[in-house]
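Each remark here refers to the structure printed beneath this line.
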Amino acid sequence: MQPKLKSKVRCTDREVGEVTRIIVDPLSREVSHIVVGRNGAGVPERQIPASTIQAVTDDTVELRAPSSELNQFPVFRRDEYVTTHEVEIAHLEDHLHVQPGEVLVPLPELERNVKRRTFFTNLTHAIGALIALPLVYPVLRYLMKPMYAPFDNRWLKIGNVNRIKADDVGVQFKFKKAVKEAFMPEADVDKNVWVLKASPAVLEEVYGSKDMEFRDHTGGVIWTNKRDVPYVAYSGKCPHLGCGYKWRNVPKLGRQIFLCPCHLSIYDSSGKVLDGPAPRPLDPVPIRVAANGDIEIIDVEYKAGTKVQTRIV
Amino acid sequence: MNGQPSVLEKVFAFVDERVGLKTLQAKMLNEPVPGGSRWAYVFGSCLLFIFIMQAVTGILLMFYYVPSADHAYASTQYILHEVDYGWFLLSYHFWGSTAMVVMVFAHMSQVFLWGAYKKPREMVWLVGLALFGLVMAFGFTGYLLPWDQRAYWATTVGVEIMDKTPVVGDFIARFLKGGPTPGQMTLSRFFVIHVMILPAALMGLAGLHLFLFRKAGPAGPFQGSVEELKAKTDYFFPRQVWKDVVAMAAVFFTICSLAFIEPVVLLEEATPDPGDYHPEPEWYFLFLFQMLRLKIFSGEFGQFLAGVAIPNAFLLLLAALPFIDRNPERNIFKRPIALVGWIVVMAGILIITVSAIINREFLD
């Protein structure tokens, strides 16, 4: 039991005064001292350590010391302390029970029906849900508007095959793609594909024994790359995580390869992964070459980082 | 002095009577710091200071910045080259973000090494982890806004990594990009996340963090007898406040110096053709970037492992830490697993980051 304010203080021989203040240790949050106010004017208050307390009852505090020893305890100095209102000590109130008792205010008559309180709590939540739930779908639709655009199957002219001087060498073709995004004015976006004139061996690597079909979102075939056409175009986007890769001569390997500078995936001219983290070969895109050598492609893009191609543009 | 209160004192008394300013001030400043003030406790205050400065410089940048694909780059260049002191404010904001990440690492390390995440401070630790996530999200979204090559490619790769999350990855990636590929919608989304959603979330959670911290009380040193601690204990004001303010000033002048010595320079405007640019993220994402280069993290599953599973598992482990590690011992020298774990993680991040920097030479 903790000593209470206003409790009588009794020494081993007689009553000496009352508890005027209680001092708490800020770290242990336990009562460390009581301050005893003495009977009679002009007698200083004394600060008694909690270890001197023999017993505490409802309205008295009994000390171990006789009243004659009381003057050996230090005089209480108010300016060495602050009140608990002036300091922030975590969980102080959980440790202290020094008030003379509970301080009460009456609960209003209308607040005494517990059932109605529960009802109103639930009603408040229900009305909140009534406001919030109808918003979920419109807000989601609002935010999702641009997320799933239809595929763009336009043929884009990117250049002429006369730029390609040797077989199985990657040549970058940069082109502008007119993009109309949402409310923005139509703008030309810089893009690129890597085209190579493939030797029969490389062509075999790329296509195997089958022609390569390209599909719309409905699954309908929009174009077929014939396996006997020697021109192959790879999407400029690395199938690992979507960076732009380069055709590089690597003296150490004694050959030329496609290298992505981001995560160092390396592909040979047939797009096959030679080294690095890429999960699948380079992505060929639909290509057609006119009689005059003009190259056209469809700017197909696949999701990066997956083993299987998933078309996203 | 005629004993009559001045007008200022009357105004103060008027407000104090209604608001309780004196009590509020006393409660804010008079918090016992067990074992006394220390330089090791300045990191939290520094983070608050850095955040406030980021908010101030960020608001100033918005006076000129336009979040549109055809104006973001030009408006950022305008801030850098035309607006008086624009280069300084933008560079301060840039280096401030770096300082924020450094300080978050310092703060988390201090709390970890001091064992301050343990009971009864688990909630403070959990909210702190959420704040760590917000700081990283700030860095990631802010990076895109100048709309230069660096911005574009860091975002492209970053979002592709999120795409590797099972089930919801595709949705998250499309949601963030506002479409299948980065563009205007991506810029709009990153902008609103960076300047509205994240600041609001950070203010709310930082407030909660402080409230919970005050509720639980400071942990204090991890060794020393009760008597020793008691003898050294003082209040938050003035000694700790003083140390905090000195540290804030040091942070401020460091960021200013970096802004002067190494001001922000933009690369070419963003385009889906990288040209000769070798994409690389901000330094605090470099270790993740480098990890994805490793052979063991190749292929679809490897990417998921390095890009999604390992980082998230690590965060989960940190979140579970106070519940796994229930030993009340806080002295780091008596917690060998914690000490070795901290060293291994820090050394690991450092080594992988350095190897990413060494790899640059190989590319040029």
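Residue numbers (this note's numbering), protein chains in the order written: chain A, 414 to 726; chain B, 372 to 735.
For each residue, glycine too, the CB sits at the ideal point set by N, CA and C.
In this text the structure is predicted, and so the values were computed from the model without any measurement.
For residue i, which residues from the same chain have a beta carbon less than 6 Å from its beta carbon, with the 5 sequence-adjacent residues on both sides left out?
i: P650(B); result: W524
i: W607(A); result: G583, Q585, Y647
i: L431(B); result: L460
i: V602(A); result: K590, V592
i: L573(B); result: L505
Could you work out which residue in the options is closest to residue i when comparing CA atoms only?
i: T433(A); options: L440(A), R451(A), R427(A); result: R451(A)
i: L400(B); options: E633(B), Q611(B), N683(B); result: Q611(B)
i: V500(A); options: P570(B), D647(B), F660(B), K398(B); result: K398(B)
i: A587(B); options: N638(A), L543(A), A503(A); result: A503(A)
i: K417(A); options: H446(A), K589(A), F532(A), I725(A); result: H446(A)
i: R560(B); options: C417(B), A440(B), D644(B); result: A440(B)
i: M424(B); options: Y456(B), G391(B), L460(B), N698(B); result: L460(B)
i: L476(A); options: E506(A), I466(A), L483(A); result: I466(A)
i: R747(B); options: E380(B), V679(B), L659(B), F608(B); result: Lying outside 372 to 735, the shown extent of chain B, residue 747(B) is not represented and no answer is given.
i: S669(B); options: I708(A), A703(A), A704(A), P692(A); result: P692(A)
i: I632(B); options: Y463(B), F383(B), F503(B), L558(B); result: Y463(B)
i: E700(B); options: V473(B), F483(B), M474(B), L547(B); result: F483(B)
i: A727(B); options: L665(B), V635(B), R545(B), Y449(B); result: L665(B)
i: F653(A); options: E531(B), P693(B), L569(B); result: Just to set this straight, residue 653(A) is His in the shown sequence, not Phe. Considering only alpha carbons, the answer is E531(B).
i: H630(A); options: D688(A), R724(A), T470(A); result: R724(A)
i: G455(A); options: V488(A), E599(A), A542(A), F588(A); result: V488(A)
i: R492(B); options: A590(B), D519(B), E402(B), L547(B); result: A590(B)
i: I564(B); options: H580(B), P592(B), F509(B), A544(B); result: F509(B)
Should residue i be labelled buried (16 or more other beta-carbon atoms within 10 Å of its own) or exposed?
i: H452(B); result: exposed
i: T526(B); result: buried
i: T428(B); result: buried
i: V645(A); result: buried
i: D534(B); result: buried
i: T512(B); result: buried
i: H676(A); result: buried
i: Q594(B); result: exposed
i: W466(B); result: buried
i: Q396(B); result: exposed
i: L734(B); result: exposed
i: D624(A); result: exposed
i: R567(A); result: exposed
i: N638(A); result: buried
i: P652(B); result: buried
i: M414(A); result: exposed
Does residue i come out as helix, strand or coil in the three-state DSSP assignment?
i: K604(A); result: strand
i: L541(B); result: In the sequence under discussion, the amino acid at residue 541(B) is Asp, which differs from the Leu named in the question. In this structure, D541(B) counts as helix in the three-state DSSP scheme.
i: F434(B); result: coil
i: S366(A); result: For residue 366(A) there is no data in the structure shown, the boundaries of chain A being 414 and 726.
i: A591(A); result: strand
i: T637(A); result: strand
i: Y647(A); result: strand
i: P551(A); result: helix
i: F668(B); result: helix
i: Y449(B); result: helix
i: E599(B); result: helix
i: D507(A); result: helix
i: E482(A); result: helix
i: D455(B); result: coil
i: W568(A); result: strand
i: E640(B); result: strand
i: R492(B); result: coil
i: D580(A); result: strand
Which same chain residues end up closer than 7 Å to residue i when comparing Cβ atoms and leaving out the 5 residues on each side of it in sequence?
i: V437(B); result: A443, S446
i: A595(A); result: P559
Excluding sequence positions up to five away, which residues of its chain have a Cβ less than 8 Å from the Cβ of residue i?
i: D581(A); result: L609, K610, A611, S612, V615, S682
i: G649(A); result: Q585, K604, N605, V606, W607, G657, Y658
i: I681(B); result: M662
i: L657(B); result: E651, I723, T724, A727, I728
i: N484(A); result: R459
i: G374(B); result: none
i: E639(B); result: D519, Q520, G646, Y648
According to DSSP, residue i sits in a beta bridge with which residue or residues?
i: Q669(A); result: N662(A)
i: M625(A); result: N638(A)
i: A468(A); result: E475(A)
i: W485(B); result: Looking at the DSSP assignment, W485(B) forms no beta bridge with any residue, so it has no partner.
i: F586(A); result: V606(A)
i: Y715(A); result: R724(A)
i: G450(A); result: E431(A)
Compile a chain-ordered list of the residues in the region 485–500 of chain A whose CB is closer than 7 Å to at least one CB of chain D.
Note that chain D does not occur in the displayed structure, where the protein chains are A and B.
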